[in-house]
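Accompanying notes for the structure given below.
Number of protein chains: 2
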Amino acid sequence: MLRFHFGYDEPGKFQSGKRLRPQLLLRTALEEGGRIEEALDAAVAIEILHNYSLVHDDIEDGDELRHGRTTIWKRFGVPHGINTGDALCAISYLTLLHEHSCAPAERVVAMLHVLHEANLHMCEGQGLDIGFETRSIVTMAQYRDMIAGKTGALFSASCELGALAAGCTWERARQYARLGRAYGLAFQIRDDVLGTWGTTDVTGKPSGADIARRKWSFPIVWALGTPPSRDREIVARAYDTNACIAREHVGDVIAALDRLGARAAADAVHDRALDDADALAAEAHVDANASIRNFLALGARRVA
Amino acid sequence: MLRFHFGYDEPGKFQSGKRLRPQLLLRTALEEGGRIEEALDAAVAIEILHNYSLVHDDIEDGDELRHGRTTIWKRFGVPHGINTGDALCAISYLTLLHEHSCAPAERVVAMLHVLHEANLHMCEGQGLDIGFETRSIVTMAQYRDMIAGKTGALFSASCELGALAAGCTWERARQYARLGRAYGLAFQIRDDVLGTWGTTDVTGKPSGADIARRKWSFPIVWALGTPPSRDREIVARAYDTNACIAREHVGDVIAALDRLGARAAADAVHDRALDDADALAAEAHVDANASIRNFLALGARRVA
Numbered sequence: 009m010l011r012f013h014f015g016y017d018e019p020g021k022f023q024s025g026k027r028l029r030p031q032l033l034l035r036t037a038l039e040e041g042g043r044i045e046e047a048l049d050a051a052v053a054i055e056i057l058h059n060y061s062l063v064h065d066d067i068e069d070g071d072e073l074r075h076g077r078t079t080i081w082k083r084f085g086v087p088h089g090i091n092t093g094d095a096l097c098a099i100s101y102l103t104l105l106h107e108h109s110c111a112p113a114e115r116v117v118a119m120l121h122v123l124h125e126a127n128l129h130m131c132e133g134q135g136l137d138i139g140f141e142t143r144s145i146v147t148m149a150q151y152r153d154m155i156a157g158k159t160g161a162l163f164s165a166s167c168e169l170g171a172l173a174a175g176c177t178w179e180r181a182r183q184y185a186r187l188g189r190a191y192g193l194a195f196q197i198r199d200d201v202l203g204t205w206g207t208t209d210v211t212g213k214p215s216g217a218d219i220a221r222r223k224w225s226f227p228i229v230w231a232l233g234t235p236p237s238r239d240r241e242i243v244a245r246a247y248d249t250n251a252c253i254a255r256e257h258v259g260d261v262i263a264a265l266d267r268l269g270a271r272a273a274a275d276a277v278h279d280r281a282l283d284d285a286d287a288l289a290a291e292a293h294v295d296a297n298a299s300i301r302n303f304l305a306l307g308a309r310r311v312a
Numbered sequence: 009m010l011r012f013h014f015g016y017d018e019p020g021k022f023q024s025g026k027r028l029r030p031q032l033l034l035r036t037a038l039e040e041g042g043r044i045e046e047a048l049d050a051a052v053a054i055e056i057l058h059n060y061s062l063v064h065d066d067i068e069d070g071d072e073l074r075h076g077r078t079t080i081w082k083r084f085g086v087p088h089g090i091n092t093g094d095a096l097c098a099i100s101y102l103t104l105l106h107e108h109s110c111a112p113a114e115r116v117v118a119m120l121h122v123l124h125e126a127n128l129h130m131c132e133g134q135g136l137d138i139g140f141e142t143r144s145i146v147t148m149a150q151y152r153d154m155i156a157g158k159t160g161a162l163f164s165a166s167c168e169l170g171a172l173a174a175g176c177t178w179e180r181a182r183q184y185a186r187l188g189r190a191y192g193l194a195f196q197i198r199d200d201v202l203g204t205w206g207t208t209d210v211t212g213k214p215s216g217a218d219i220a221r222r223k224w225s226f227p228i229v230w231a232l233g234t235p236p237s238r239d240r241e242i243v244a245r246a247y248d249t250n251a252c253i254a255r256e257h258v259g260d261v262i263a264a265l266d267r268l269g270a271r272a273a274a275d276a277v278h279d280r281a282l283d284d285a286d287a288l289a290a291e292a293h294v295d296a297n298a299s300i301r302n303f304l305a306l307g308a309r310r311v312a
């Protein structure tokens, strides 16, 4: 089942994830003078931990496809789906703990601590997100808490683990954790903008995909926080139901979001997160900041 | 939700689990001259890890009650059930990793390794068990592999962690791991016997509960391994369906198992596991062996 998930079962069908988190980790390790070999275990561990969360999220969200492949639960049933995710979680940690690890025990303990805290934080974010499904309003503070867990936790851990793998001090690693958190916020806001305004040739999904799924994304949460207006009412009415939103209404919701200025608001928060990242990187003398940003495709300030 | 699971939500309704694994761990630590305070983190960690597996098992098996309490998924839905189990798993490891831990880093790494390996082994056992549900035959070797994971892994880890917490060498801890595995086997066989022949006043469940649920227990697997006979056919026909077995046929299956000698076979394997445990304990000079056996209520060689 693990082979199926990663696409090892068919030649040339290897899962096409972007490997953002291990890349972030390895780039941080290199920036701090570490060798790839020292950071590779942690990079594999964080990618596997990310995949465990995807396997369980797909069950929780009822998603039948991921990266164009059938999801584990859809193919083998929910019980095997849960259990395979659990196994991935254990394997993630064992990757850091294997016998041939050359890292000193104190560093391994610190890295495991980061990875487990990130996992718990992810669960907190996911718990909020599941709870949102039956809500008719989500505040900006609740949305921020949710993405801090669901996206921020692993971005933060990726940078922190990269620094620890390179032998940095705990304090230095904490600076990278903050940098990763800022990148995570920018990344998620951009993902939300793409989920609303992105065209199919960029995202591979129909335009307005997040709205059709009634997903609580930044533009929606922001729009519902504006004073009463006709446009706010259009958004509120569309989300005041537990069902999906009919395809023909998605365009009306997007038009209302545009008139309210939700896209500009999202871009502003995205830009502010990048400014924060720049300030943190400057303060901590992180030379790789620009290259990491380019890699995350966060360089372009506006979404094309 | 975690409070609900453990029964913290209602005064006096605290979850009534037997705490076998932490007890096994603490008794091992004391036997090896450790202090309770040194072993308490690990004891809490293994009980929480056990509970994570219960929360996910209850979803996988569709069980709506545990210890007389509604299960998490039944009360809050499957998505929250999966996610709460994931959080418990992370919390289990964090219990061993907390900042005020007084154990040296090498020992913490060794203990985490044991705990993660046990988790992965549990998943392997659970994966086999889920697969058994749609099978019309399970071999004794497959059954043994399944219980070695589902029950043996945590019993083994309990003893091994108790020894490590007390500061034993890795080699000494491995001896305890083998002892725990033998106890786990005896415990599971006795559990299977109780699930078939146990009376309601002992088990709290209707007699023949495992058969009514079409569970692949030792007596069934053993009976299906005997040469063709009328009685074997009664058992085979009852299990040759994916549905539950009608209440009125459970008695026929138990009578057939009795005539085949399945109970005596189970008792023999149970006794042999205890003999193995005794031999391991004698070889390793484990004085607490008798007291641990009494605690696990494995002292009585036959099930009352």
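If you read the sequences in order, they're chains Z and D. Counting with this note's numbering, you get residues 9 to 312 for the letters of the first sequence. Counting with this note's numbering, you get residues 9 to 312 for the letters of the second sequence. The beta-carbon is built from N, C-alpha and C at its ideal position, and this holds for glycine as well. Just so you know, these numbers come straight off a predicted model, no measurement behind them.
(request) Within 10 angstroms of the Cβ of Z:Asn302, are there 16 or more other Cβ atoms? Answer buried if so, exposed if not. (result) exposed
(request) Identify which residue in D:Gly41, D:Asp17, D:Arg27 has its Cα closest to the Cα of D:Leu172. (result) D:Gly41
(request) Flag Z:Arg11 as yes if its beta-carbon sits less than 7 angstroms from any beta-carbon of chain D, otherwise no. (result) no
(request) Pull up the distance between the alpha-carbon of D:Ala190 and that of D:Gly160, whole angstroms please. (result) 8 angstroms
(request) Grab the span of the alpha helix (DSSP H) containing D:Ser61 for me, first residue to last. (result) 44–69
(message) Give me the residue from Z:Asn91, Z:Lys223, Z:Ala292 with the minimum Cα distance to Z:Arg331.
(response) Coverage of chain Z is limited to positions 9 through 312, which leaves residue 331 of chain Z absent and any answer about it impossible.
(request) Would you list, in chain order, the members of the region 90–118 of chain D that have their beta-carbon closer than 7 angstroms to a beta-carbon of chain Z? (result) Ile90, Asn91, Asp94, Ala95, Cys97, Ala98, Ile99, Tyr101, Leu102, Leu105, Ala113, Glu114, Val116, Val117
(message) I'd like the ranges of any alpha helix (DSSP H) spanning at least 4 consecutive residues and lying wholly in the region 223–295 of chain Z.
(response) 226–232, 238–247, 255–268, 270–291
(request) Mark Z:Pro112 as exposed unless 16 or more other C-beta atoms lie within 10 angstroms of its C-beta, in which case mark it buried. (result) exposed
(request) Could you please give me the residues that DSSP links to Z:Arg74 through a beta bridge? (result) Z:Arg77
(message) Starting from Z:Gly36, trace the alpha helix (DSSP H) in both directions and tell me its first and last residue.
(response) As written in the sequence, residue 36 of chain Z is Thr, which differs from the Gly given in the question. Here the alpha helix (DSSP H) through Z:Thr36 covers 28–39.
(request) Please report how far the alpha carbon of D:Thr147 lies from the alpha carbon of D:Thr234, in whole angstroms. (result) 11 angstroms
(message) Could you compute how far the alpha carbon of D:Ala292 sits from the alpha carbon of D:Glu179?
(response) 11 angstroms
(message) I'd like the list of long-range same chain contacts for Z:Thr157, defined as Cβ closer than 6 angstroms, with 5 residues on each side in sequence excluded.
(response) Looking at the sequence shown, residue 157 of chain Z is not Thr but Gly. Closer than 6 angstroms at Cβ, skipping near neighbours: His129, Met130, Glu132, Gly133.
(request) Would you decide whether D:Cys110 is buried or exposed? Buried here means 16 or more other CB atoms lie within 10 Å of its CB. (result) exposed
(request) Decide if Z:Leu73 is buried, meaning its Cβ has at least 16 other Cβ atoms within 10 Å, or exposed. (result) exposed
(message) Quick check: the Cα distance between Z:Thr79 and Z:Gly135, rounded to an integer number of angstroms?
(response) 21 angstroms
(request) For Z:Ser100, count neighbouring Cβ atoms within 10 angstroms of its own Cβ and tell me buried if that reaches 16, exposed if not. (result) buried
(request) Measure the Cβ-Cβ separation of Z:Leu102 and D:His124 and say whether it is below 7 angstroms. (result) yes
(request) Can you have a look at Z:His75 and say buried or exposed, based on whether 16 or more other CB atoms are within 10 angstroms of its CB? (result) exposed
(request) Using a Cβ cut-off of 7 angstroms (strictly closer), state whether D:Gln183 contacts chain Z. (result) no
(message) Quick check: Z:Ser164 and Z:Leu32, are their CB atoms within less than 7 angstroms of each other?
(response) no
(message) I'd like to check one pair, D:Gly93 with D:His64: are the Cβ atoms closer than 7 angstroms?
(response) yes
(request) With a cut-off of 8 angstroms on the beta carbons, I'd call Z:Ile56 and Z:Gly89 a contact; round off their distance for me. (result) About 16 angstroms; that fails the 8 angstroms criterion.
(message) Please list the terminal residues of the continuous alpha helix (DSSP H) segment that includes Z:Gly93.
(response) 86–105
(request) For the alpha helix (DSSP H) containing D:Ala165, list its first residue and its last residue. (result) 161–173
(request) Can you give me the Cβ contacts of D:Leu187 inside the same chain, cut-off strictly under 8 angstroms, excluding the 5 residues immediately before and after it? (result) Cys167, Ala285, Leu288, Ala289, Ala292, Val294, Asn297
(message) Tell me the residue span of the alpha helix (DSSP H) that contains D:Val116.
(response) 113–140
(request) Determine the closest residue to Z:Asp199 out of Z:Val261, Z:Lys82, Z:Ala217, Z:Tyr184, with distance taken between C-alpha atoms. (result) Z:Ala217
(message) Just to confirm, is the Cβ distance from D:Ile219 to D:Ile253 under 7 angstroms?
(response) yes
(request) Can you give me the start and stop residues for the alpha helix (DSSP H) that Z:Tyr184 sits inside? (result) 178–205
(message) Is the separation between the beta-carbon of D:Ala47 and that of D:Ala37 shorter than 7 angstroms?
(response) yes
(request) Rounded to whole angstroms, what's the CA-CA distance from Z:Arg245 to Z:Tyr60? Just pull it up for me. (result) 35 angstroms
(request) Give the interface partners of Z:His75 over in chain D, defined as CB-CB distance under 8 angstroms, in chain order. (result) Within chain D, no residue comes near Z:His75; the closest Cβ sits about 21 angstroms away, beyond 8 angstroms.
(message) Give me, in chain order, the residues of the same chain whose beta-carbon lies closer than 8 angstroms to that of D:Ser299; leave out the 5 immediate sequence neighbours on both sides.
(response) Arg35
(message) Restricting to Cα atoms, I'd like to know which of Z:Thr177, Z:Asp283, Z:Trp81, Z:Val229 is closest to Z:Asp137.
(response) Z:Val229
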